[in-house]
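Let me begin by presenting the structure, written as structure tokens, before commenting on it.
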Amino acid sequence: MDIANLDINDKARFESLGFICGLEIHQQLATEKKLFCHCPVGLTGRKYDAEILRHMRPTLSELGEYDGTALMEFKTKKEVIYRLYRDRTCTYEMDDTPPFLVNQQAIDYAIRIALLFNCRIVDEIHVIRKQYLDGSIPTGFQRTMIIGVDGWIPYKNRRITITQVNLEEEACREVSDIGHRIVFATDRLSTPLVEIITASDMKNPVEAADVCRLLGNSMKITGLVRRGIGTVRQDVNVSITGSTRVEIKGVFKVGNIKPLTAIEAVRQKRLLELRDRFVARFGSDPKIDFGEENFTSLFSGSGNIIGRRLESDRPLKVVGMHLAGLADFNLHPLQPGWDFASELGGRVRVIACIDSVPNLFFYSHRHLYDIPETVWEKIRSRWTENPGDDIVLVCGPSADVVTALNEIKIRILELAKGVINETRQDMKNGTTDFERILPGPDRMYPDTDHPPIKITDSRVEENRRRLAEPLWEKQKRWTSLGLSSELVRNLSLSPYADILDQLAAENNIPIKRAAYILSGMLIDLRRSGYDLAKADRGKLYQLLQTALSGKWPHRQLKAALIMLAHGDAPNRTTPESFDLKLLDRSWEEIKSKFDGVVSNDKCGKFRRYLTGRLIDRFPHHSPEVLARISERLGSEK
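Numbering (my numbering), first residue to last: 2 to 638.
Laid out in structure tokens, this is it:
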């Protein structure tokens, strides 16, 4: 498959690869308190109050085994720093006390969302521990609960299976990850969230993005979830025929899902091609002699990129490794601007914590560095003159170099497997990079700190009664009102969409204009700092009903909405200081520029222009402005 000419909308092409995709959507709930303690929910922009340092270490399981992910994280030798906030964290978050009772509001919200997706609610909730070994949760595990199973949502002419809806606690925010030190902010830790897990029912990248958008919008329109940057993220699982599951972690923008899944499918196809070539050349159980040599003295004081790194305060060394017969493999493209050598660099960055750019130097890529050809020839003379061989140089602290060389060997030998089980991170441009090995099958086990929670039929029915109408049913009704597909799509994102149904019951309301206001104007006002989310819903409805039935001009309605959002808006003229003389002076100032226009204003163009200009000047007094305009125009005819 040609990477350069990849068409991510070519559904048939991806289906021919055996493309399948499943989603895991993590959406924060709009609760007041956290899931297992009484701390308030919400991020803080202020400076932290304290820091603590911890290290993650692997322990044997009950079966006497180590988890692969735990061993990988231990090899990174990370210092984990947690930033604490007095008003957002307590001893529970730091694993110094057991959890409090589960937040019942969060359970009800999760039940409602599970019912929205047609799930069967479990009879009894059990708190489970899910291993979280990257340091983002101080305990080393996340507490999670299965709420609903065996659900579905309609998509086009079929159903997408919802395998589970879980309620779980949010992890920390990552502040920085440099070298062997990673820093987390704990204000987000333990925020309640729902996890929506689908079956691998999406057959191409277009469907993956569509279904993700449908699930996300369906939750947003309920009013039960938080909105804004960082409140939702998607994990995307992709595989093709002959490969294994690869998870793309932490996708924040739905718009990235199409290119991410398309390019991941191509990457897997390319890895399968590499596997066939690798096995043909080296066999299915390859024995490759990776020769190593220390070249620190060769680069000391050289002035090139490696020589400059050796001038740092830390003691560093340079080691080269012979990669016999592997030059063409390292040059093999996997993603746009990304070949197998880049894949090796990603592995070293994460596990050996050598994160300088570039962190590996390949003879096959020597045109990218300012290392003279004569230096490369000295290095090559140590091993071979075979043009099919490659050499990789690693520069870093001694222990990190050993880890890096070992990981390079492991990843090269894994070529015989084709696609490996791993978690990859979204690089924000459609490509992905290695993040960690996928956890083992036993990463979940019972939590012994919390008793089971019985879910009664009456509780389920009470939540069913309070459940909002599903988005797909709303969309059908909006379409039947004559709204365009664009308006329907925009309404699906609007927190004010419920008001449209109230307005639609009125006979004299222009429904298309109402839809535009609710899906466009109110959103634009919020982005400009006039948020009507906290305004009285009844007053907002009454204002829109009056304005739409009375055919208020656009500027007048906008001014009235601003007044409803913020009574103390900047540069506001207060009722006490409002003076008709001030309005009249503005009237004369504007009118003087249009001598003779008023008497010939047959179509009312001047009146509309004048109305808009005066309302702009007096945004909180549109009724007085309109009354005065009618009075003045009437007297001047």
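We put the CB at the ideal spot given by N, CA and C, even for glycine.
Neighbour-count burial assignment, residue i, 16 or more Cβ in a 10 Å radius
| i | result |
| --- | --- |
| E378 | exposed |
| Y446 | exposed |
| L102 | exposed |
| V391 | The sequence shown places Asp at residue 391, rather than the Val named in the question. Under this definition D391 is a buried residue. |
| E577 | Below a pLDDT of 50, predicted positions are generally treated as unreliable, and E577, at 38, falls in that range; no measurement from the model is reported. |
| Q543 | exposed |
| H451 | buried |
| P316 | exposed |
| N257 | buried |
| I183 | buried |
| E94 | buried |
| P193 | buried |
Distance between beta carbons of residue j and residue i, contact taken as under 8 angstroms
| i | j | result |
| --- | --- | --- |
| Q132 | V150 | About 22 angstroms; that fails the 8 angstroms criterion. |
| K157 | E16 | About 14 angstroms separates the two Cβ atoms, so there is no contact after all. |
| V395 | L299 | No, V395 and L299 are not in contact; Cβ-Cβ is about 14 angstroms, not under 8 angstroms. |
| T245 | N422 | 5 angstroms |
| L225 | R113 | 6 angstroms |
| A353 | T433 | Not a contact, Cβ separation roughly 19 angstroms. |
| A210 | L168 | In fact, because the Cβ distance is near 26 angstroms, the residues do not count as touching under 8 angstroms. |
Which of helix, strand or coil DSSP assigns to residue i
| i | result |
| --- | --- |
| K12 | helix |
| Y446 | strand |
| P576 | Residue placement at P576 is poorly supported in this model, since its pLDDT is 37, which falls under 50; the coordinates still yield a value, given next. Coil at P576, not helix or strand. |
| L18 | coil |
| D329 | helix |
| G521 | helix |
| I82 | strand |
| T433 | strand |
| G43 | coil |
| Y531 | coil |
| I563 | helix |
| K131 | strand |
| I591 | helix |
| V351 | helix |
| E378 | helix |
| C173 | coil |
| N295 | strand |
| V239 | strand |
Residue from the options whose Cα sits closest to the Cα of residue i
| i | options | result |
| --- | --- | --- |
| P99 | F37, L216, L549 and K318 | F37 |
| I264 | I306, D427, L54 and E589 | D427 |
| R189 | L273, Y86 and E196 | Y86 |
| N464 | T223, L488 and A200 | T223 |
| A186 | I380, R144, S313 and Y49 | Y49 |
| A515 | A536, R528 and S485 | S485 |
| Q235 | L526, K592, S481 and I197 | I197 |
| Y497 | E507, P511, I518 and I510 | I518 |
| L541 | S529, I563, R528 and E169 | I563 |
| L369 | G217, S343, A111 and T92 | S343 |
| S550 | N508, A561 and V195 | N508 |
| D96 | G136, I163 and N491 | G136 |
| P359 | A107, L332 and R310 | R310 |
| D88 | K34, V402 and R466 | K34 |
| E641 | R130, S177 and P554 | Any question about residue 641 goes unanswered here, given that the chain covers just 2 to 638. |
Other residues of its chain near residue i: CB distance less than 7 angstroms, five sequence neighbours each side excluded
| i | result |
| --- | --- |
| G568 | Because G568 carries a pLDDT of 49, less than 50, the predicted location of this residue cannot be relied on, and no value is offered for it. |
| I241 | L18, G19, F20, A266, Q269 and K270 |
| L117 | S219, T223, L468 and P471 |
| N10 | V207 |
| A417 | R276, F279, V280, S285 and P287 |
| L44 | D188 and R189 |
Spatial neighbours of residue i in its chain, beta-carbon cut-off 8 angstroms, leaving aside the 5 residues before and after
| i | result |
| --- | --- |
| A328 | Y364, S365, P388, G389, D390 and D391 |
| V123 | I147, I148, G149, V150 and I456 |
| E462 | none |
| A536 | L565 and A566 |
Cβ shell of residue i (< 6 angstroms), same chain only, five flanking positions each side left out
| i | result |
| --- | --- |
| K475 | none |
| K78 | H181 |
| A13 | none |
| T547 | none |
| D356 | R350 |
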